[in-house]
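Q:
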Amino acid sequence: MTGVETIARIRFEHFQNRKGIKRIARELGVARDTVRKVLRSQVTEFSYKRATQPLPKMGPWVGTLTAILEAEAKVPRRERRSTQRLFEELRGRGYDGAHDSVHRFVKAWRDEHARAPVQAFIPLSFDPGEAYQFDWSHDAIELAGLPMTVKAAHMRLSFSRMPFVRAYPRETQEMVFDAHDKAFTFYGGVCRRGIYDNMKTAVDAVFVGRARTYNRRFLQMCSHHLVEPTACTPASGWEKGQVENQVGTMRDVLFRPRPRVKTLEELNAWLEDQCRAYAQRTRHPQFRDRTIWEVFEEERAALAPFVGPFAGFSEKPMRATTTCLITHDRNKYSVDARAAGRGVLVRAYADRIVVLLADEVVADHPRSFKREQVIYDPWHYLPVLMRKPGALRNGAPFKDWDLPPALAKVRLKLRSHTDGDRQFVKILAATPDHGVAAVEEACAEALQAGIASGDVVVAILARQRQPPPAPSITTPDALKLKAEPIADCARYDALLRGTRIHAT
């Protein structure tokens, strides 16, 4: 087929240089009929399309292959077979043609049936402070040298396009609450409406149209911030297209290449800085003469005041075990011994686990996002330890106990005693009344004296609690002597001599 370069050269040589057909054909090495066709057609490009595709080998198998493709079109894309696997199946049934024929037919069939009708959309416009959009994404990072997939919460102000991104280990309801608190703190205010998809942490039931049954705790959060929630139509991501677009854009800006951090706190501080930097260098898509940051500064005045963080926790009742443990998110946490075997309320925050027994906090632990972990607070087991001091040596909560330095030294010294565990438990039993700081000070004093034992430490604590001596009575000025008596024992000698004289 004659290329556009050859056609252009033929036309130039004939119409500009006035050369004949025979000369052009000889100089360019093309046939005279080709030169005549170019000059007579007055076109600058030739295209060839085969009217019919002969299928000498493939023809009898078109129906079979079409049936296979129609069946596979109903399964997810990742479960569909490649053209090589389809070719091997046809070969097993007796097909003796080439793989290329199968590949061309499958590609053409899939391209034709994959075409979806083009949808038209209406551009959306928002007023300052009117709405924000919220969504999640999954992104890869390197945490403490190990690869990890984090759940990134994305929020975007619909008017200014100001982005906010924060990473979490989970995509749970308490993370949603914390993300809103952190975002509103970042923006310095709150919009009047929030646009969400139908995420399970917010929506319990989807009805026809816009009707939704929202989660009770999610509604409490919206009520706290005075936000009206708006849920999108299912499978209609364009209704919150700004934040959908932000997910892809910020993935390129923030997570490629993978950020390398030591903690999630370090990552989130960096993400906030990067969101500001992105807004300050990026032009607003609507107001091209200003950056996103400049438009955000204008919108900030229209935001409602941020009233403070919401008590963002998810809670569930459960019964503590007789070993003083509760289970949450496949991890176990210790509770105070008085809650053993009793019903408690577990509140899961984004960063900690709080356990309540009749409105009284009986445990407060930093939250662990690993699996099958047991998080102990040894002080929870102190009442049990006082009854069973022998458990100090092999009790799981007391292994690797991070005690204050003086207490740890006393424990180490008492290990060589036959009743060392009992003596140390006696010292620990004084902490509820005296406090850990006072017991630590008493242990340090006993160590300094070189006589560390349970009785000595308890005696020091008792001495510290003794009331101070009563102040001496002050003599009033009216009762004071003008001449104070002089202490002189010689006067008694004089009296003694006088007694002897009278006796003689």
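Taking this note's numbering, the leading residue of the sequence shown gets 156, the next gets one more, and so forth.
We treat Cβ as the ideally placed atom computed from N, Cα and C, and that holds for glycine.
#1: Roughly how many whole angstroms lie between the Cα atoms of PHE167 and LEU194?
#2: Looking only at C-alpha atoms, which of PHE553, PRO538 and LYS212 sits nearest to TYR531?
#3: Give the range of the beta strand (DSSP E) segment to which PHE319 is assigned.
#4: Give me whichever residues DSSP pairs with ALA492 in a beta bridge.
#5: For THR221, which residues from the same chain have a beta carbon less than 8 Å from its beta carbon, with the 5 sequence-adjacent residues on both sides left out?
#6: Taking CYS387 and ILE447 to be in contact with their CB atoms under 8 Å, please state how far apart those CB atoms are, rounded to whole angstroms.
#7: Report the option in ALA295, THR327 and ARG455 whose CA atom is closest to the CA atom of PRO283.
#8: In or out: TYR647 buried (at least 16 other Cβ within 10 Å) or exposed?
#9: Could you tell me the distance, in whole angstroms, from the CA atom of ARG119 to the CA atom of PHE242?
#10: In terms of DSSP beta bridges, what is MET303 paired with?
#11: Can you list, in chain order, the residues of its chain with a C-beta nearer than 8 Å to that of VAL490? Leave out the 5 residues immediately preceding and following it.
#12: Go ahead and pull the three-state DSSP assignment for GLY609.
#13: Check whether the stretch 392–399 and the stretch 306–319 touch, using three or more Cβ-Cβ pairs below 8 Å as the test.
#14: Report the residue from ARG411, HIS169, ALA593 and PHE339 whose alpha carbon sits nearest the alpha carbon of PHE465.
#15: Is the beta carbon of ILE582 less than 8 Å from the beta carbon of GLY605?
#16: Nearest to GLY175 by CA position, among VAL190, GLY184 and ALA163, is which residue?
#17: Taking HIS335 and VAL462 to be in contact with their CB atoms under 8 Å, please state how far apart those CB atoms are, rounded to whole angstroms.
#18: Go through the stretch 334–394 residue by residue and report every complete run of the alpha helix (DSSP H) that reaches 4 residues or more, in order.
#19: Could you tell me the boundaries of the beta strand (DSSP E) in which THR482 lies?
#20: In chain order, what are the residue ranges of uninterrupted alpha helix (DSSP H) at least 4 long that sit wholly in the stretch 390–460?
#21: Would you kindly work out how many angstroms separate the C-alpha atoms of LEU419 and MET405, rounded to a whole number?
#22: How is ALA518 classed by DSSP in three states: helix, strand or coil?
#23: If you draw a straight line from the alpha carbon of ARG548 to that of VAL565, how long is it in whole angstroms?
#24: By DSSP, does MET310 sit in helix, in strand, or in coil?
#25: Kindly indicate which residue of VAL402, ARG181, ARG438 and ARG445 has the alpha-carbon position closest to the one of TRP291.
#26: Going by C-alpha distance, which of TYR250, MET376 and ARG502 is nearest ARG522?
#27: Can you tell me which of LEU567, ALA592 and LEU537 puts its alpha carbon nearest to the alpha carbon of ALA494?
#28: Determine the burial state of HIS293: buried for a count of at least 16 other Cβ atoms within 10 Å of its Cβ, exposed for fewer.
#29: Measuring straight from C-alpha to C-alpha, what distance separates GLY545 and LEU567?
#30: THR356 and GLN375 look like a contact to me (Cβ under 8 Å); what is the Cβ gap, rounded to whole Å?
#31: Would you kindly work out how many angstroms separate the C-alpha atoms of GLU383 and PHE260, rounded to a whole number?
#32: Identify whether LEU636 lies in helix, strand or coil by the three-state DSSP scheme.
#33: Identify the continuous beta strand (DSSP E) that holds LEU511 and give its terminal residues.
#34: Could you pull the start and end residues of the beta strand (DSSP E) that ARG502 belongs to?
#35: Please confirm whether LEU602 and ALA633 have their CB atoms less than 8 Å apart.
#36: Determine the DSSP secondary structure at TYR250, reduced to helix, strand or coil.
A: Once the coordinates are examined:
#1: Translated into positions along the sequence shown, residue 167 becomes position 12. Translated into positions along the sequence shown, residue 194 becomes position 39. The alpha-carbon atoms of PHE167 and LEU194 are separated by roughly 10 Å.
#2: The residue labelled residue 531 in the question sits at position 376 within the sequence shown. The shortest CA-to-CA distance from TYR531 to any of PHE553, PRO538 and LYS212 is the one to PHE553.
#3: Within the sequence shown, numbered from 1, the residue matching residue 319 stands at position 164. Note, PHE319: beta strand (DSSP E), 318–323.
#4: Here the question's residue 492 lines up with position 337 in the sequence shown. Beta-bridge pairing by DSSP links ALA492 to no other residue.
#5: Counting from 1 along the sequence shown, the entry for residue 221 is found at position 66. Taken in chain order, the residues that qualify are TRP264.
#6: Residue 387 sits at position 232 when you count from the first residue of the sequence shown. Residue 447 sits at position 292 when you count from the first residue of the sequence shown. So it is not a contact: roughly 23 Å between Cβ atoms.
#7: Within the sequence shown, numbered from 1, the residue matching residue 283 stands at position 128. PRO283 has its Cα closest to that of ARG455, out of ALA295, THR327 and ARG455.
#8: In the sequence shown, the residue the question calls residue 647 occupies position 492. TYR647 comes out exposed.
#9: The structure shown does not extend to residue 119, since the chain is modelled only from 156 through 659, so no value can be given for it.
#10: Within the sequence shown, residue 303 is the residue found at index 148, counting from 1. ILE296.
#11: Your numbering for residue 490 matches position 335 in the sequence shown. Around VAL490: ALA475, CYS479, LEU480, ILE481, VAL499, VAL510, LEU512, VAL517, ALA518 and HIS535.
#12: For the purposes of this step, residue 609 is taken as residue 454 along the sequence shown, with counting starting at 1. Of the three classes helix, strand and coil, the one that applies to GLY609 here is helix, per DSSP.
#13: The stretch 392–399, when compared against the stretch 306–319, does touch it at the 8 Å Cβ threshold.
#14: The sequence position of residue 465 within the sequence shown is 310, counting from 1. Proximity to PHE465 across ARG411, HIS169, ALA593 and PHE339 peaks at PHE339, based on C-alpha coordinates.
#15: Numbered from 1 along the sequence shown, position 427 holds the residue referred to as residue 582. Numbered from 1 along the sequence shown, position 450 holds the residue referred to as residue 605. No, the pair does not count as a contact, with Cβ atoms beyond the cut-off.
#16: The residue given as residue 175 occupies position 20 in the sequence shown. The residue with the shortest Cα to Cα distance from GLY175 is VAL190.
#17: Locating residue 335 in the sequence shown gives position 180, where the first residue counts as 1. Locating residue 462 in the sequence shown gives position 307, where the first residue counts as 1. About 12 Å separates the beta carbon of HIS335 from that of VAL462, a gap too long to meet the 8 Å contact definition.
#18: If one requires a minimum length of 4 residues, the alpha helix (DSSP H) runs lying completely within the stretch 334–394 are 371–380, in chain order.
#19: Mapped onto the sequence shown, residue 482 falls at position 327. Per DSSP, THR482 is one residue of the beta strand (DSSP E) stretching across 480–483.
#20: Residue ranges of uninterrupted alpha helix (DSSP H) with 4 or more members, entirely inside the stretch 390–460 and ordered along the chain, are 396–409, 419–436 and 447–455.
#21: Within the sequence shown, numbered from 1, the residue matching residue 419 stands at position 264. Within the sequence shown, numbered from 1, the residue matching residue 405 stands at position 250. Roughly 17 Å separates the two Cα atoms.
#22: Counting from one through the sequence shown, the residue named residue 518 turns up at place 363. ALA518: strand per DSSP, three-state reduction.
#23: The residue labelled residue 548 in the question sits at position 393 within the sequence shown. The residue labelled residue 565 in the question sits at position 410 within the sequence shown. Rounded to whole angstroms, ARG548 to VAL565 spans 14 Å at the Cα level.
#24: On the sequence shown, position 155 is the one that residue 310 refers to. Secondary structure of MET310 (DSSP, three-state): strand.
#25: Looking up residue 291 in the sequence shown gives position 136. Nearest of VAL402, ARG181, ARG438 and ARG445 to TRP291, Cα basis: VAL402.
#26: Position 367 of the sequence shown holds residue 522. Between ARG522 and the set TYR250, MET376 and ARG502, the nearest pair of CA atoms involves ARG502.
#27: The count along the sequence shown starts at 1 and reaches residue 494 at position 339. Of LEU567, ALA592 and LEU537, the residue nearest in Cα terms is LEU537.
#28: Stepping through the sequence shown from its first residue, residue 293 is reached at position 138. Classification of HIS293: exposed, given that the 10 Å Cβ count is below 16.
#29: The residue you call residue 545 lines up with position 390 of the sequence shown. The residue you call residue 567 lines up with position 412 of the sequence shown. Spanning the two alpha carbons is a distance of roughly 15 Å.
#30: On the sequence shown, position 201 is the one that residue 356 refers to. On the sequence shown, position 220 is the one that residue 375 refers to. Between THR356 and GLN375 the beta-carbon gap is near 13 Å, outside 8 Å, which marks them as no contact.
#31: Looking up residue 383 in the sequence shown gives position 228. Looking up residue 260 in the sequence shown gives position 105. Answer to the nearest angstrom: the Cα atoms are 53 Å apart.
#32: Counting from 1 along the sequence shown, the entry for residue 636 is found at position 481. LEU636: coil per DSSP, three-state reduction.
#33: The residue given as residue 511 occupies position 356 in the sequence shown. Start and end: 507–512.
#34: Numbered from 1 along the sequence shown, position 347 holds the residue referred to as residue 502. Unbroken beta strand (DSSP E) run through ARG502: 498–503.
#35: Here residue 602 refers to the residue found at position 447 of the sequence shown. Here residue 633 refers to the residue found at position 478 of the sequence shown. No.
#36: Here residue 250 refers to the residue found at position 95 when the sequence shown is read from its first residue. TYR250: coil per DSSP, three-state reduction.
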